[in-house]
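Single-structure report; data block below.
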Amino acid sequence: MARLNRGGRLPTSLLVGGGLFALLVAMVVAAPWVAPYPYDEMDIMAIKEAPSLAHWFGTDEFGRDVLSRLLIGGRTSLFLGAAATAVSLFIGIPLGLLAGYLRGVVDEALMRIIDVLMSVPPILMGLLILSATRPSVWKTAIAVGIIYVPVMTRLVRSVALDLSREEFVLAAQGRGERLPWILLREILPNAWPSIIVEASLRMTFAVMLAAALSFLGLGVQPPSSDWGLMISEARPFIDSAPWIVLGPGLALCVTVVAINLMGDGLRNLLDPRMRGRA
Numbered sequence: 001m002a003r004l005n006r007g008g009r010l011p012t013s014l015l016v017g018g019g020l021f022a023l024l025v026a027m028v029v030a031a032p033w034v035a036p037y038p039y040d041e042m043d044i045m046a047i048k049e050a051p052s053l054a055h056w057f058g059t060d061e062f063g064r065d066v067l068s069r070l071l072i073g074g075r076t077s078l079f080l081g082a083a084a085t086a087v088s089l090f091i092g093i094p095l096g097l098l099a100g101y102l103r104g105v106v107d108e109a110l111m112r113i114i115d116v117l118m119s120v121p122p123i124l125m126g127l128l129i130l131s132a133t134r135p136s137v138w139k140t141a142i143a144v145g146i147i148y149v150p151v152m153t154r155l156v157r158s159v160a161l162d163l164s165r166e167e168f169v170l171a172a173q174g175r176g177e178r179l180p181w182i183l184l185r186e187i188l189p190n191a192w193p194s195i196i197v198e199a200s201l202r203m204t205f206a207v208m209l210a211a212a213l214s215f216l217g218l219g220v221q222p223p224s225s226d227w228g229l230m231i232s233e234a235r236p237f238i239d240s241a242p243w244i245v246l247g248p249g250l251a252l253c254v255t256v257v258a259i260n261l262m263g264d265g266l267r268n269l270l271d272p273r274m275r276g277r278a
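In terms of the UniProt record's numbering, the sequence shown opens at residue 1 and continues consecutively.
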């Protein structure tokens, strides 16, 4: 079980990052009720209107309220990050457990495949996966998740390699326990701290990569909204209406900072080597 730091308190980075992230999630979940305007409502009388009391973040080139699109788009951006991380966990954990525990030929074969996949830049891998089919939110989430499977697999493998030599695993082997029991009941529960920390940090990259793919036109499609698509649509108006790109850019920055702070806090909380430094 994880312990608190020496002062009996949670790490400050976890409190700040977790609080900020919880606020972001609450805002985007409540977006349909708190957004001041429908996200796709156009007003030709308010095209590229600067921030004001009527439109706190201004309007875009079609007269749509930027704040409303920001809140609704945040739901898609955070969903993509969470779904992609879940996909990487769903595939990477079993592969890592098998490679780390069985070792030998299984480990060698899986690691060579992982090495090949990791040699391809993430953005290029995303383009290869998504360019062959029509873009959609689910396809983007799955594609980004697959991109980060190799990283998750290598992490779980390294943890499983260490845990497979522990006495409680050797005792389970001596009792004649089957492979699924050893992997799921002996190794996996003790690997969760490292997996949770890596998953929180991996979500940062997933959010950014999903936004990059939307920016390139391979993610969310108009008239839907997400932060990457909003930045892409605002490119021609950076000089004349910078507030259009400022909102989604700032939202991405805040999200990345919040998740990174959470990851650092979780590492300090769950990693025995870091607890004394918290």
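A virtual CB, placed ideally from N, CA and C, is assigned to each residue, including glycine.
Buried versus exposed call for residue i [16 or more other C-beta atoms within 10 Å across all chains shown]
i, result
"Met262", "buried"
"Met230", "buried"
"Glu167", "exposed"
"Asp115", "exposed"
"Glu108", "exposed"
"residue 354", "With the chain covering only 1 through 278, there is no way to say anything about residue 354."
"Trp243", "buried"
"Trp227", "buried"
"Met45", "exposed"
"Ala99", "buried"
"Thr204", "buried"
Endpoints, the alpha helix (DSSP H) within which residue i is located
i, result
"Leu67", "Val66 to Leu102"
"Leu184", "Careful: Leu184 lies outside any alpha helix (DSSP H) and carries neither H nor E."
"Arg154", "Val149 to Leu163"
"Val25", "Thr12 to Val29"
"Ala234", "Trp227 to Ala234"
"Gln173", "Glu167 to Gly174"
Reference residue i, options the options, closest by Cα
i, options, result
"Lys139", "Gly58, Pro150 and Leu213", "Leu213"
"Leu24", "Leu70, Val66 and Leu216", "Leu70"
"Leu218", "Leu95, Trp56 and Leu127", "Leu127"
"Met42", "Phe62, Gly145 and Lys48", "Phe62"
"Ile196", "Gln221, Leu269 and Met111", "Leu269"
"Val207", "Gln173, Ser131 and Gly74", "Gly74"
"Leu67", "Gly265, Val257 and Gly249", "Gly249"
"Phe79", "Gly100, Pro94, Arg103 and Val28", "Val28"
"Arg64", "Ile72, Thr12 and Tyr39", "Tyr39"
"Leu216", "Arg178, Ser131 and Gln173", "Ser131"
"Ala241", "Ala50, Ile44 and Leu14", "Ala50"
"Val156", "Ala251, Val34 and Leu97", "Leu97"
"Leu161", "Met118, Val149, Tyr101 and Lys48", "Tyr101"
"Lys48", "Val16, Phe237 and Ile113", "Phe237"
"Met125", "Ile147, Leu110, Trp192 and Val137", "Ile147"
"Asp60", "Arg267, Pro223 and Trp181", "Pro223"
"Leu117", "Arg267, Met152, Arg134 and Gln221", "Met152"
Three-way DSSP call (helix, strand, coil) for residue i in this model
i, result
"Thr255", "helix"
"Thr59", "strand"
"Val120", "coil"
"Lys139", "helix"
"Met262", "helix"
"Arg267", "helix"
"Val220", "coil"
"Leu201", "helix"
"Met42", "coil"
"Arg9", "coil"
"Ala54", "coil"
"Ser131", "coil"
Supposed contact pair residue j and residue i - C-beta distance, whole angstroms, cut 8 Å
i, j, result
"Ser77", "Ala199", "Contact flag wrong, Cβ pair sits at about 17 Å."
"Ala143", "Ile129", "4 Å"
"Ala54", "Gly145", "Wrong, their Cβ atoms sit about 40 Å apart, outside the cutoff."
"Leu20", "Ala258", "4 Å"
"Gly265", "Gly104", "Contact flag wrong, Cβ pair sits at about 38 Å."
Interface flag, residue i vs chain B, CB-CB below 8 Å
i, result
"Ser52", "In the structure shown, chain B does not exist; there is a single protein chain."
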